[in-house]
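Working notes, beginning with the structure itself.
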Amino acid sequence: MSATRIGIDLGGTKIEASALRPDGSESGRLRVATPRGDYQASLRSVVSLVEELTGGQPAVVGCGIPGAISPATQLVKNANSTWLIGRAFDRDLAKGLGRPLRVANDANCLIQSEAHDGAAGGAALAFGVILGTGVGGGLAWRGQALVGCHAIAGEWGHNPLPWPTDSEQPGEACYCGKFGCIETWLSGPGMARDHERTSGDERDAAAIVAGADQGDPACTATLERYVDRLARALATVINVVDPDVIVLGGGLSKVARLYEAVPGRLGRYVFSDHIATPIVPPRHGDASGVRGAALLWSPQEASEALARGQA
Ligand SMILES: [Zn+2]
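Structure follows, in structure tokens:
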């Protein structure tokens with residue numbers, strides 16, 4: 045049986061779905077806005093995207109979430125989309141789908157996709173970052189995402205911003221209960237709040253980036269602060285695991301200036317006489333996370349799961 049694999053990327057802003065053929069090429073993609081704050085509606089959205097893409101035909105499903113299923117409780121933890129926290133998401137979704145399902149962290153899906161045949165292809169150790177509604181991270185070793193015994197390998201977003209200035213302390217309260225988390229500075233909403241605090245100008249991250257491109261001084265200064273904070277945050281990752289490549293994903297990974305400016309800043313913070321770590325955009329672009337979710341199943345595993353389902 046040729047098995048279709050459906051990938052879902054359940055983000056804080058949008059839910060994306062992609063169907064992969066057995067050869068890995070994409071046969072369809074859909075996107076809807078996330079019903080923020082509504083768990084049941086989030087489940088229903090995922091189910092209807094899957095049904096639309098499959099047309100009722102057999103398929104396995106992989107789903108990336110901004111969080112993790114706790115190995116201790118089997119419930120969602122660490123989700124910036126806080127309405128998922130404490131839910132039996134994998135079981136609830138599997139019930140709604142009636143299809144074989146695997147769930148993984150969204151940054152792990154990103155780096156799985158990029159290490160498989162993308163911007164981190166061939167790298168021994170790769171770090172993937174999501175800079176979006178939240179901030180996540182994932183590590184892949186020789187093409188395989190690492191999960192870790194608490195399912196938090198690579199999660200850097202809730203460490204404190206390193207080398208904080210006086211004005212950056214204690215930082216904002218984070219939903220996780222701490223102050224000054226990397227996520228509160230480097231997420232899209234975090235950039236927007238930093239811009240508003242500093243300039244009094246209220247606009248979202250995309251508008252700040254557009255303003256900087258047009259030479260707006262306040263927007264340029266906000267982006268400059270963002271670059272330095274991202275360099276500091278990545279430097280601590282390099283100092284601990286020294287990845288061969290860093291791939292940026294999420295909405296802010298489209299900001300070209302990051303790839304030009306951040307590498308030059310790393311030297312201030314990394315414990316090394318020279319730094320050559322490539323910082324690159326995802327080869328599969330916006331689709332990388334959803335693709336990585338579909339790749340939670342190999343073609344053979346997908347076929348076997350569907351054969352079992354029909355037996
Ligand atoms: Zn936090």
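In this note's numbering, the protein residues as written are 45 to 355. Just so it is clear, CB atoms sit at the ideal spot from N, CA and C, and this is done for glycine as well. Treat the numbers as computed from the prediction; the structure is a model and nothing was measured.
Based on Cα-Cα distance, which residue from Ile50, Ala351, Thr266, Trp127 lies nearest to Asp82?
Taking the sequence shown and counting its residues from 1, the one referred to as residue 82 is at position 38. Nearest of Ile50, Ala351, Thr266, Trp127 to Asp82, Cα basis: Trp127.
Report the rounded CA-to-CA distance for Gln213 versus Cys153, giving the unit in angstroms.
As a working mapping, residue 213 is identified with position 169 in the sequence shown. As a working mapping, residue 153 is identified with position 109 in the sequence shown. Using only the alpha carbons, I get a separation of about 33 Å.
In whole angstroms, what is the alpha-carbon distance linking Pro325 and Val271?
Sequence index remark: in the sequence shown, residue 325 carries index 281 (1-based). Sequence index remark: in the sequence shown, residue 271 carries index 227 (1-based). Cα to Cα, Pro325 sits roughly 15 Å from Val271.
Is it the case that the Cβ atoms of Ala159 and Ala184 are separated by a distance below 9 Å?
For the purposes of this step, residue 159 is taken as the residue at position 115 of the sequence shown. For the purposes of this step, residue 184 is taken as the residue at position 140 of the sequence shown. For Ala159 and Ala184, yes; Cβs fall inside 9 Å.
Starting from Ala265 and walking both ways along the alpha helix (DSSP H), at which residues does that stretch end?
The residue labelled residue 265 in the question sits at position 221 within the sequence shown. Here the alpha helix (DSSP H) through Ala265 covers 261-285.
For Trp185, the residue or residues it bridges with in DSSP:
For the purposes of this step, residue 185 is taken as the residue at position 141 of the sequence shown. In DSSP, Trp185 forms a bridge with Leu169, Gln188.
Among Ser86, Ala103, Gly99, whose alpha-carbon lies nearest the alpha-carbon of Leu64?
The residue you call residue 64 lines up with position 20 of the sequence shown. When only C-alpha atoms are compared, the closest one is Ala103.
Simplified DSSP state of Val299, which is helix, strand or coil:
Against the sequence shown, residue 299 aligns to sequence position 255. Coil, per DSSP.
Compute every distance between the C-beta of Lys222 and the non-hydrogen atoms of ligand 1, then say whether any falls below 8 Å.
Counting from one through the sequence shown, the residue named residue 222 turns up at place 178. Within the cutoff, so yes.
Segment contact flag, the stretch 237-246 with the stretch 283-290, C-beta cutoff 8 Å, min 3 pairs
no
What would DSSP say about Leu64, mapped onto helix, strand or coil?
In the sequence shown, the residue the question calls residue 64 occupies position 20. Three-state result, Leu64: strand.
To the nearest angstrom, how far is the alpha carbon of Ala279 from that of Leu93?
Numbered from its first residue, the sequence shown carries residue 279 at position 235. Numbered from its first residue, the sequence shown carries residue 93 at position 49. Looking at the two C-alpha atoms, the distance is approximately 39 Å.
Helix, strand or coil: how does DSSP classify Ser157 here?
What you label residue 157 is simply residue 113 of the sequence shown in a count that begins at 1. Looking at Ser157 - three-state DSSP - the assignment turns out to be helix.
Need the endpoints of the beta strand (DSSP E) that Leu93 sits in, please.
On the sequence shown, position 49 is the one that residue 93 refers to. From DSSP, Leu93 is part of no beta strand (DSSP E) but of the alpha helix (DSSP H) over 83-98.
First through last residue of the alpha helix (DSSP H) which encompasses Leu230:
Position 186 of the sequence shown, counting from 1, holds the residue named residue 230. Here the alpha helix (DSSP H) through Leu230 covers 226-230.
Local conformation of Thr48 per DSSP, three classes
On the sequence shown, residue 48 is found 4 positions in, with the first residue counted as 1. Three-state result, Thr48: strand.
Under three-state DSSP, which class holds Val179?
For the purposes of this step, residue 179 is taken as the residue at position 135 of the sequence shown. Of the three classes helix, strand and coil, the one that applies to Val179 here is strand, per DSSP.
Under a Cβ-count criterion, where at least 16 other Cβ atoms within 10 Å of its own Cβ denotes burial, should Arg335 be classed as buried or exposed?
In the sequence shown, counting from the first residue as 1, residue 335 sits at position 291. Buried is the call here.
Ligand 1 and Tyr313: does any heavy atom of the ligand fall closer than 8 Å to the residue's C-beta?
Here residue 313 is taken as the residue at index 269 of the sequence shown, counted from 1. Checking every heavy atom of ligand 1 against the Cβ of Tyr313, none is found closer than 8 Å.
Thinking just about the alpha-carbon of each residue, which of Ile155, Pro115, Gly165, Gly178 is nearest to the one in Phe171?
The residue labelled residue 171 in the question sits at position 127 within the sequence shown. When only C-alpha atoms are compared, the closest one is Ile155.
Given a cut-off of 9 Å, decide if Gly108 and Ile196 are closer than it, judged by their beta-carbon atoms.
Taking the sequence shown and counting its residues from 1, one reaches residue 196 at position 152. Taking the sequence shown and counting its residues from 1, one reaches residue 108 at position 64. Cβ atoms of Ile196 and Gly108: not closer than 9 Å.
Drop a sphere of 10 angstroms on the beta-carbon of His194, count the other beta-carbons inside from all chains shown, and report buried for 16 or more, exposed for fewer.
The residue labelled residue 194 in the question sits at position 150 within the sequence shown. With fewer than 16 Cβ atoms within 10 Å of its Cβ, His194 is classed as exposed.
Taking contact to mean 3 or more Cβ pairs, one atom from each stretch, closer than 8 Å, check whether the stretch 223-230 and the stretch 200-213 are in contact.
yes
Whole-angstrom distance between Ala351 and Met45, CA atom to CA atom
Start at 1 with the first residue of the sequence shown, and residue 45 comes out as number 1. Start at 1 with the first residue of the sequence shown, and residue 351 comes out as number 307. Bear in mind that the predicted position of Met45 carries a pLDDT of just 46, short of 50, making it unreliable; the figure below should be weighed with that in mind. For Met45 and Ala351, the distance between alpha carbons rounds to 8 Å.
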